[in-house]
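Numbering that gives the first Met the number 0 numbers the first residue of the sequence shown as 0 and each following residue consecutively. Positions of the beta carbon are idealized from the N, C-alpha and C atoms, including for glycine.
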Amino acid sequence: MPMASRWYAGRSGKHRKKPSSRRLVATSILTVSLVGSVMGVGIGVSRQQTDIGSMSRQKASTPQAGGTPDQARRPSRSTGPTETEPAARPPADVTQVIDIAETGPGNFIVSAPSVSPDHDLGAGELTYTVEIEAGLPFDPSATADAIDGILDDLRGWPGVAGREFHPVAAAGELRILVATPGTTDQLCSPLETNGEVSCRNGESVVLNARRWAFGTEDYQDAVPEYRTYLVNHEVGHAIGYAHVQCPGPGEPAPVMQQQTYGLDGCRRNVWPTVA
């Protein structure tokens, strides 16, 4: 297995809110199966970790639009990967070997924000949870911080579609899950992810832990960048964007291009404001 580089990135300074710390507290266990939605009360911004037991999700018989497999302003959670200011990060530049199990227990830890959105949500605003499958070698709070940073970055969907994304503790409109390859296949079914790629299936944005850890051949020297692409691509499906092709050799690859499978002559790009 390849060596994974740091699995977090520092923030760019283009976020709209200063990140806040998270608390990691084990809270209630919910039963849900690997195919449907989590019920609960949203709380939002310094995160807690909630162990969500065996999740029983309703398997989608048909993928919703954009569900094809592929694969500054928010307070941060007490742990996170994407772009944050260097001072907010743990000691940097440590290379480590990451081992990703082929499949996991199907239990997810929710990194729960401790502050709710402070207003009624309007058009274009979505709530989401970040959930990490138990046993994966990713810190839930750090991972959630990274995803918060990506979704709040003005180079991302807020800068293109005027979208606002708000992390909550439960019952989000989107569930962003980092899952083992085997669990990814179950959550993405009937889409065929074959243990290798990610998907958006209904309200679930399922990020394959293998890709989260190692990126792809085109991004193996830039895994944090690949994570940014992956979140933006799959969330792009969730807000209605379909796949597009490389516009031409040397052009920046659109975020909605299936870059996981190759760049097709384009240059890598992870932000929808670029392409």
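With DSSP run on the structure shown, which of helix, strand or coil describes residue i?
i	result
residue 231	helix
residue 222	helix
residue 266	strand
residue 206	strand
residue 273	coil
residue 132	strand
residue 257	coil
residue 101	coil
residue 215	coil
residue 118	coil
residue 182	helix
Give the range of the beta strand (DSSP E) segment to which residue i is assigned.
i	result
residue 280	Residue 280 is absent from the model: the chain starts at 0 and stops at 274.
residue 150	No beta strand (DSSP E) holds residue 150; the alpha helix (DSSP H) holding it covers 139-151.
residue 200	198-200
residue 110	106-111
When burial is assigned at 16 or more other CB atoms within 10 Å of the CB, is residue i buried or exposed?
i	result
residue 202	buried
residue 233	buried
residue 96	exposed
residue 248	exposed
residue 3	Any answer about residue 3 is weak, because its pLDDT of 33 lies below 50 and its placement is not dependable; what the coordinates show is given next. Buried, by the Cβ-count rule.
residue 118	exposed
residue 243	exposed
residue 271	buried
residue 103	buried
residue 193	exposed
residue 214	buried
residue 217	buried
residue 120	exposed
residue 123	exposed
residue 130	buried
residue 241	exposed
residue 105	buried
residue 147	buried
residue 138	buried
Between which two residues does the alpha helix (DSSP H) holding residue i run?
i	result
residue 162	Neither: residue 162 is in no alpha helix (DSSP H) and is coded neither H nor E.
residue 241	Note, residue 241: premise wrong, no alpha helix (DSSP H); not H, not E.
residue 154	Premise fails: residue 154 is in no alpha helix (DSSP H) and is neither H nor E.
Using the DSSP secondary-structure output, state which residues sit across from residue i in a beta bridge.
i	result
residue 127	166, 173
residue 251	266
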